[in-house]
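Report on the following structure.
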Amino acid sequence: MSTRLFHQRIRASIANESLQAALDANAERRVKGRITALATLPDWRERRQRAHAIRAEVITHLDDYLKVFTGKLVENGFIVHRAADKADALKIILDITAATTRKPLLFAKSKSMISEEIELNHSLEAMGHRVVETDLGEYIVQLRGEKPAHIITPAVHLRRQDVGKLFHEKLGIPYTEDVSILTSTARKILREVFLTADVGISGVNFGVAETGTLCMVTNEGNGRMVTTVPPVHIALMGMERLVPTLGDLALMLSLLARSATVQKLTVYTQLINSPRRLEETDGAQTRHLIILDNGRWRMQNSPLQEALYCIRCGACLNACPVFRELGGHAYVGSDGSMAPYPGPIGSIVSPGLIGLEQFGYLAQASSLCGACKDACPVDIDLPRLLTRVRAGDKKPGIGLSIQSKVGLQIYGVIGSSPRLFSLAQKLAGLGARVVSPFSEWMWLPAVTGWGTSKDFPRPALKPFRYRFHREDIDSLPDTKKIESMGAKQKDQESGEIKNTNENLVERFTQELKAIGGQVYRVTLNNLADSVIALLKERGMDTTLTWDSVPALDENSLTQAGIKVIRTGDPTAKAGITGAAAAIAETGTLVIISGKGQLLSASLLPDIHIAVIHSSQIVYSLEEAIQIKAVREASAAVLITGPSRTADIEMTLTIGVHGPKELIVYILE
Ligand code: SF4
49 MSTRLFHQRI RASIANESLQ AALDANAERR VKGRITALAT LPDWRERRQR
99 AHAIRAEVIT HLDDYLKVFT GKLVENGFIV HRAADKADAL KIILDITAAT
149 TRKPLLFAKS KSMISEEIEL NHSLEAMGHR VVETDLGEYI VQLRGEKPAH
199 IITPAVHLRR QDVGKLFHEK LGIPYTEDVS ILTSTARKIL REVFLTADVG
249 ISGVNFGVAE TGTLCMVTNE GNGRMVTTVP PVHIALMGME RLVPTLGDLA
299 LMLSLLARSA TVQKLTVYTQ LINSPRRLEE TDGAQTRHLI ILDNGRWRMQ
349 NSPLQEALYC IRCGACLNAC PVFRELGGHA YVGSDGSMAP YPGPIGSIVS
399 PGLIGLEQFG YLAQASSLCG ACKDACPVDI DLPRLLTRVR AGDKKPGIGL
449 SIQSKVGLQI YGVIGSSPRL FSLAQKLAGL GARVVSPFSE WMWLPAVTGW
499 GTSKDFPRPA LKPFRYRFHR EDIDSLPDTK KIESMGAKQK DQESGEIKNT
549 NENLVERFTQ ELKAIGGQVY RVTLNNLADS VIALLKERGM DTTLTWDSVP
599 ALDENSLTQA GIKVIRTGDP TAKAGITGAA AAIAETGTLV IISGKGQLLS
649 ASLLPDIHIA VIHSSQIVYS LEEAIQIKAV REASAAVLIT GPSRTADIEM
699 TLTIGVHGPK ELIVYILE
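In this note's numbering, the protein residues as written are 49 to 716.
As structure tokens, this is what we get:
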């Protein structure tokens, strides 16, 4: 297998100063942010172990969980397909859409790494169809004819100037470096795509076996758009992405958002239980789920099985000192094709799924420092798996050269004795100190290989792992302080920890305001006046409104000159909804579909106004998603702040596809 192209990409990445600056900025912010976000979960270490155990249980008994899951999905009205590989998946999609008269078809797609894995866009476009990526970062890389450079931040390699130039050339707008103008341009163009698409395609973050629920998370709202607006929704899911129960889902979500995008919860967490029901007026009428194997069964039966525990948070990429130098585009196979998954996890699953021949050597792009394992929210032993890929065989230890075997045996003896290990470190450090001052000598690269792309560094005063752990621990805020910010308070007399309603309201308000939401406390008597005053102040005279919002009847709005619309009209500037619940610990609203309860009222307008009674606020995510109405609705969405993105140079921009403002009225 030839590594020539890989080495060329490595050299190009290291020489690219703007790429280096972009990767550093991304990694610094994500790594620090992740530590702070995890600190808001005092029991995160214990959660991580539970998450590992849950994923291990699912992967070990994958066949059983898949049977339960697909049975529930069919009961719920989904059309379920099993695809062995990418050709199968494409054939299923073409069969689903064969009856559609309009040709070519327009597919609106939300970000899905599995579609990258099977090169879906390329295949559909080759058949003459139009596929539009709707995540801002994915849209940018699609316009450039590239693949995503990171599994969470696809355009991580670009500066705002690159995007400004791209939009000027491809979309015809005047050149600008203003991220908010670039984002609103994409919003305008992609809104048209959502409204006219024949089919919405999404990935799936988790499938819940006990209920047959699909869970998808997005910050921008494009995931909600593609699953709500087009008449047909096709979801693509890797067969390993299951959790047994809704409680397990809550646990995974609490770790995923903090590890991926340093949030307590992603802005939109969708729980889709079925297609639109007869009495409902929006949501996809038909929902298909394609469960893809594409090498996963083979991995499940191999020593790389643990890599299937991955929940695709991207934290190991940000933590990896090698990825931070290279970026995703450097991870190429022997034929020059880009690995579908880069970084530490990508260097295991890309060869595991697609082939060792093509991607096996990517596992060499690791220092085995262990930073990826430390960052992983499900505690996957990535360094161990990387060494297994390096061994180049399905069974650990088999396939190693004699030299490697002898080397590993020596390492095993040294590594199992703290005294010998410490002595070996000192000797290695001494050797490095002797060599490093000469690394820039012209003759040294020719002899050692060092200096070709970088100098032999002077060793640090303290080992990396020591410094890494100190930083990790030292930067964690005081756990006790965080707990006291919670809604739970100690009863002075009984000493019991309890949630009072007032505490829940306060915590919810504090959390929602921290992420850009607005909260007003009102009574039955002054709710209508407050809402009308707000709409008038914004010059809004049309609202997309649910049939029954507590204490806000249609008469009071129409008498004030505000038109009330009951269908998914995209021109309405404000949407007014009730809510099934709210979550204090994350500042989240829980909206469910139903008769007279348009999902699009909380999605299409610029402003989303929600009315909720204070007694509907619960403390935790786990409590909220177990509520009967949430479990039984065709779709529920957890909304944690206004729509947002940080896809251009990590600049936070509010209002990408969903509402720019989220205003909650809490009824006393
Ligand atoms: S291996 Fe762990 S850290 Fe890396 S993407 Fe998967 S879950 Fe996240």
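Yeah, the Cβ is synthetic: ideal placement off N, Cα and C, and Gly gets one too.
Just so you know, these numbers come straight off a predicted model, no measurement behind them.
- [ ] Could you spell out the range, first to last residue, of the alpha helix (DSSP H) harbouring K676?
- [x] K676 to E680
TODO: Using three-state DSSP, classify R192 as helix, strand or coil.
DONE: coil
Task: Touching by the beta-carbon criterion (3+ pairs, under 8 Å), the region 458 to 474 and the region 131 to 146 - done: no
Open item on the list: Under 8 Å, with one C-beta from each stretch per pair, do the region 651 to 669 and the region 611 to 629 reach the 3-pair mark?
Closed with: yes
Task: Of the listed residues L605, D589, R586 and G587, nearest to D595 (C-alpha basis) - done: L605
Task: Residues that DSSP places opposite E709 in a beta bridge - done: I655
Open item on the list: At a threshold of 7 Å, does A197 count as lining the ligand SF4 (C-beta to nearest heavy atom)?
Closed with: no
- [ ] Let me know the secondary structure DSSP gives Y459 once reduced to three states.
- [x] helix
TODO: Look at the Cβ atom of L365, then the Cβ atom of P399, and state whether they are nearer than 8 Å.
DONE: no
Open item on the list: Going by the DSSP bridge assignment, what does T693 pair with across the sheet?
Closed with: T701
Task: DSSP bridge partner residues for C263 (one or two, in chain order) - done: F254 and L319
TODO: Identify whether R346 lies in helix, strand or coil by the three-state DSSP scheme.
DONE: helix
Open item on the list: If I measure Cβ to Cβ from G295 and keep anything under 8 Å in the same chain, skipping five residues before and after, which residues do I get?
Closed with: E670 and Q674
Open item on the list: For the ligand GDP, is there any heavy atom lying closer than 7 Å to the beta carbon of I162?
Closed with: Absent from the structure shown: the ligand GDP. Ligands present: the ligand SF4.
Open item on the list: Would Q318 and V685 be called neighbours here (beta carbons separated by less than 8 Å)?
Closed with: yes
Task: Helix, strand or coil at T593 according to DSSP, with G and I counted as helix - done: strand
TODO: Could you check what DSSP says for Y187 in three-state terms: helix, strand or coil?
DONE: helix
TODO: Take E65 and list the residues in its own chain whose beta-carbon comes closer than 6 Å to its own, dropping the five residues that flank it on each side.
DONE: none
- [ ] Quick one: give me the first and last residue of the beta strand (DSSP E) that H205 is part of.
- [x] Segment: none, H205 is in no beta strand (DSSP E) and carries neither H nor E.
- [ ] Determine the closest residue to I396 out of E354, S382, P369 and A419, with distance taken between C-alpha atoms.
- [x] E354
Task: Touching by the beta-carbon criterion (3+ pairs, under 8 Å), the region 216 to 226 and the region 132 to 151 - done: no
Task: Same chain, Cβ closer than 6 Å to M588, neighbours up to 5 away in sequence not counted - done: K621 and A622
Task: Ranges of the alpha helix (DSSP H) found wholly within the region 113 to 192, counting only runs of at least 4 - done: 134 to 145, 161 to 165, 168 to 174 and 184 to 191
Task: Test item: CB-CB of S158 and D183 under 8 Å - done: yes
Open item on the list: Give me the DSSP bridge partner(s) of M386.
Closed with: V380
TODO: Kindly examine the ligand SF4 and report whether one of its heavy atoms sits closer than 7 Å to the Cβ of P425.
DONE: yes
Open item on the list: Could you check if I102 belongs to the surroundings of the ligand SF4, using beta carbon to heavy atom distance under 7 Å?
Closed with: no
Open item on the list: For S350 and M698, I'd like the C-alpha separation in whole angstroms.
Closed with: 38 Å
Task: Exposure of E707, with buried meaning 16 or more beta-carbon neighbours within 10 Å - done: Checking the sequence shown, residue 707 turns out to be Pro, not Glu. It counts as buried.
TODO: Per DSSP, which residues does M285 bridge with? Please list them.
DONE: I339
Open item on the list: For I660, list the residues DSSP reports as bridge partners.
Closed with: I714
Task: Limits of the unbroken beta strand (DSSP E) element including T636 - done: T636 to I640
Open item on the list: Just verifying my parser: in three-state terms, what is the DSSP assignment at T293?
Closed with: coil
Open item on the list: Tell me the rounded alpha-carbon separation between A156 and T275.
Closed with: 9 Å
Open item on the list: I want to check one thing, is the minimum distance from the CB of S307 to the heavy atoms of the ligand SF4 below 7 Å?
Closed with: yes
Task: Beta carbon of G644 nearer than 8 Å to that of A681 - done: no
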